[in-house]
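Have a look at the structure below, then the notes.
There are 2 protein chains.
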Amino acid sequence: MWILNPVIDSKPKGRARASSTGRATLDDIAVKLGISSITVSRAFRHPGKVADELRERIVKVADDLGYVRNRAASALASARSMNIAVIIPSLGNAVFVDILNGIEKVLRPRGYQMLLGVSHYSSEEEAALVRAYLAFDPDGIILPSLNYRDSTRRLLERAGKPVVHLMELSDQPNIHCVGFSQEAAGKAMTEHLLAKGYKRIAFIASQLDSRTLARGRGYRDTLVEAGLYDPKREVMVPDPSSIALGGRLLERLLQQAPDTDAVFFCNDDLAQGGLFECARRKIAVPSQLAVAGFNDLSASASTVPSLTTVATPRFDIGTQGANMLLALIEHQKVSHSSIDLGFDLKRREST
Amino acid sequence: MWILNPVIDSKPKGRARASSTGRATLDDIAVKLGISSITVSRAFRHPGKVADELRERIVKVADDLGYVRNRAASALASARSMNIAVIIPSLGNAVFVDILNGIEKVLRPRGYQMLLGVSHYSSEEEAALVRAYLAFDPDGIILPSLNYRDSTRRLLERAGKPVVHLMELSDQPNIHCVGFSQEAAGKAMTEHLLAKGYKRIAFIASQLDSRTLARGRGYRDTLVEAGLYDPKREVMVPDPSSIALGGRLLERLLQQAPDTDAVFFCNDDLAQGGLFECARRKIAVPSQLAVAGFNDLSASASTVPSLTTVATPRFDIGTQGANMLLALIEHQKVSHSSIDLGFDLKRREST
DNA sequence: CGCAAGAATGATAGCGCTGTCATTTCGATT
DNA sequence: AATCGAAATGACAGCGCTATCATTCTTGCG
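Sequence order for the protein chains is A and B. In terms of the numbering used here, the first sequence opens at residue 126 and continues consecutively. In terms of the numbering used here, the second sequence opens at residue 126 and continues consecutively.
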């Protein structure tokens, strides 16, 4: 038998079986076009390697079918999940939200997906999250802290995946960090208060994570050096920070050290609560009592009086941390294993 | 040749090839124990179906090797990704953070992983996120809103995955919602202000999403009905909400309608900014000007004066939304397609 | 002691995709 | 027209896991 008309090869090249989930697959597209599924895959992953005309038809059919690539299959086949695990202590804290925004800004355009875990400041949950996220076979991991359990450290080491730590610094060359010196920042604020002439400076802290404690060390060292340290002016509790707690802790401080003339709160939430408490008790700020915070949350410039605080480069920590991680993933050399982005003392009305 | 000693069958039953990534696999464990990999898989997924003694040995070896299951492979083989996509407009807004905490509370113990996307209040980004997350083959999807693009709707429909909407209500039986009536809440607050005797009530709003607009409708309808509606007391801008913006918008309002005696801010952030602005201008609250907010953020009980607002059941919306989604995923029947969790007017000092 | 029924374990075949290498096509060049 | 190299496309295998069905081993009971 002769075929007289020109015939386009229409034998289905794909495997031509129905997908188990009913969702369109590469094969569905391939069959529809009478081409092989690998070409469809290439049309999306390496567009330059597929003829323009064919690629356009592929994209068209993919659109018609509502094709969405299956990342699990892709990850499995390519040994690259394009996932980045990010574990933070809390979403309620604007500090971490800003960092996340920075991270996303870098990751998304590069095709990476951020997998977010919230540890609620618990090292136990942190350990569980690290384990849970390793199951996603992430290409890299971003952690907020340097202090985690030995079991977590072992798991991370064995996973052999790049890890970047944020918010703190380290001088070990095999540990990658982007942050600033919490201790130096604590010191800077205390020195500012000393320079303003305050002598009886208190420190109020909650949520005693390593960053908070480092700020506390900065405070203490500075006052000890100035011969003005008095332990009764330190109020430190493990409870989660909140505005309401700031007020309560100020109340407690004023009971145990009524002659205090300045308070350095370990974060702006507490400090704002402190300011409200002062308003409630008609304590004039800063003439009767100076108030300082930490982080420069967006509200802190608007309070009455406006709040003296330490602005921290959170968004940049996120972007630079993400960039460092991507460099590590792609085996580029990283110029410094620890990047210090510094901080900025914001002198405002409250001191 | 005779083997005289008792010999435990030690022929490796696994496939005995090295994993491509270097990470331990089920096969590695199987080979080490001289059993088949399917048994190892079962030891984790259906522990009851593997003899206790053997299971213990499996777990031990898994631990030694630092085995972490590969979710991509698991998802591919079982056609269940155990992922839930959650798309919210912003992480800076405590409202959504509370919802997320509620969702996580339900999902994590059930083994589901939440994949979080932030749309920054952009329907374009929202569409891109839906597409991006469909690539994870999620078992279900949680969305904050009912209003999204047609293309997004089509994509969701074609994906055929259960979807639950939060924060709003719908009377369509095929749309699943957990939330409350934003409009009724706006009405309730406005009625409260009327009951307090205020006559010249303003409404200040930003970030004009569907929820904000619904609250505005509640406000407007109530005042129109009372014969007290005056369009010059409505200040509505599309900018993102912030405390600072609250102050600026109050300033604008007082220019265009200086005789206003009460302001209903569409959220607590703006309202707190409004309170600060009053403090700055020495406007007595509530005697000269009453101030009300919306959402009852944690700070709102601590402000001076404390802020009248509408408490919204955010955490519960998260938990119930997640539960509804899981029910849909597991094909259980859902008693109501729309769950109204109501709201709670918090009468405080500011009105 | 034999047998059925259940418990425990194993063999097999993919899930949907992509890395690798093989093949085909086609224009450019001599 | 013959030759070559690059561009375009395809075949194949396998990533790590699990659903399914098959097999083997126990156990209780007539």
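Think of the CB as a built atom: it goes at the ideal place given N, C-alpha and C, for glycine as much as any other residue. Computed from a predicted model, the values in this text were never measured in an experiment.
By the neighbour-count definition (other C-beta atoms within 10 Å, threshold 16), Ser-203 of chain B is an exposed residue.
DSSP places Leu-179 of chain A in no beta strand (DSSP E) but in the uninterrupted alpha helix (DSSP H) bounded by 177 to 190.
Remark: C-beta atoms of Asp-394 of chain A and Lys-471 of chain A do not approach each other more closely than 7 Å. Contact annotation: the segment 356 to 372 of chain B touches the segment 388 to 404 of chain B, with at least three C-beta pairs closer than 8 Å.
Phe-389 of chain B sits in a strand when the DSSP states are folded into three classes.
Excluding its 5 nearest sequence neighbours in each direction, Leu-158 of chain B has C-beta neighbours in its own chain below 7 Å: Arg-182, Ile-183, Val-186, listed in chain order. Taking a cut-off of 8 Å for Cβ pairs, the segment 287 to 299 of chain A and the segment 457 to 472 of chain A touch, as three or more such pairs fall below it. In the DSSP assignment, Thr-444 of chain B falls within the unbroken alpha helix (DSSP H) covering 439 to 454. At a cut-off of 7 Å between C-beta atoms, Ala-436 of chain B does not count as an interface residue with respect to chain A. At least one CB atom of chain B sits nearer than 7 Å to the CB of Val-222 of chain A. Collapsing the DSSP output to three states places Ile-160 of chain A in coil.
Within chain B, Ala-260, Asp-262 have C-beta atoms less than 7 Å from the C-beta of Asn-195 of chain A, given in sequence order. Counting only Cβ-Cβ distances below 7 Å, Phe-401 of chain A has contacts in chain B at Ser-427, Thr-428, Val-429, in chain order. Going by C-alpha positions, Ile-442 of chain A is about 29 Å away from Arg-233 of chain B. For the options A:Gly-399, A:Ser-431, A:Pro-411, the alpha carbon positioned closest to that of Ser-427 of chain B is the one of A:Gly-399. At a C-beta separation below 9 Å, Gly-341 of chain B has no neighbours in chain A, since its nearest C-beta there lies roughly 24 Å away. The Cβ of Gly-191 of chain A sits closer than 7 Å to at least one Cβ of chain B. For the pair of segments examined, the segment 338 to 346 of chain B was found not to touch the segment 376 to 385 of chain B: the number of CB pairs separated by less than 8 Å stays below three. Residue pairing by DSSP places Ala-210 of chain A opposite A:Leu-240, A:Ile-266 in a beta bridge.
Separation of Phe-390 of chain A and Leu-271 of chain A (C-alpha to C-alpha, rounded to the nearest whole angstrom) is 23 Å. Its chain contains Arg-167 as the residues whose beta carbon lies nearer than 7 Å to that of Lys-174 of chain B, once the 5 sequence neighbours on both sides are disregarded; these appear in chain order. In the DSSP assignment, Lys-471 of chain A falls within the beta strand (DSSP E) that extends over 469 to 471.
By the criterion of at least three beta-carbon pairs nearer than 8 Å, the segment 205 to 212 of chain A is not in contact with the segment 206 to 217 of chain B. Residue A:Pro-269 holds the alpha-carbon nearest to the alpha-carbon of Tyr-246 of chain A among A:Leu-225, A:Thr-164, A:Pro-269, A:Asp-469.
Counted as a single uninterrupted DSSP element, the stretch harbouring Ile-228 of chain B is not any beta strand (DSSP E) but the alpha helix (DSSP H) occupying residues 219 to 232.
Short of 8 Å from the beta carbon of Ala-200 of chain A, and not among the five residues preceding or following it, lie these beta carbons of its own chain, in chain order: Ser-206, Met-207, Asn-208, Asp-262.
In the three-state reduction of the DSSP assignment, Phe-169 of chain B falls in the helix class.
The alpha-carbon of Ala-219 of chain B is positioned some 32 Å away from that of Arg-278 of chain A. DSSP lists no beta-bridge partner residue for Ile-154 of chain B. Chain A places no beta carbon closer than 7 Å to that of Ser-475 of chain B, leaving this residue out of the contacts. Here Ser-276 of chain B is exposed, its C-beta having fewer than 16 other C-beta atoms within 10 Å.
Among the residues facing chain A, Ala-252 of chain B is not included, as its CB has no counterpart in that chain under 7 Å away.
Taking Gln-307 of chain B as the centre and dropping the five residues before and after it, the same chain places the C-beta of Arg-336, Ala-339, Arg-340 closer than 6 Å to its C-beta, in chain order. Glu-376 of chain A: member of the alpha helix (DSSP H) spanning 368 to 381, first to last residue. Proximity of Leu-395 of chain A to chain B, defined by a Cβ-Cβ separation below 7 Å, is not satisfied. Proximity to Arg-194 of chain B across A:Ala-260, A:Arg-473, A:Thr-434, A:Gly-265 peaks at A:Ala-260, based on C-alpha coordinates.
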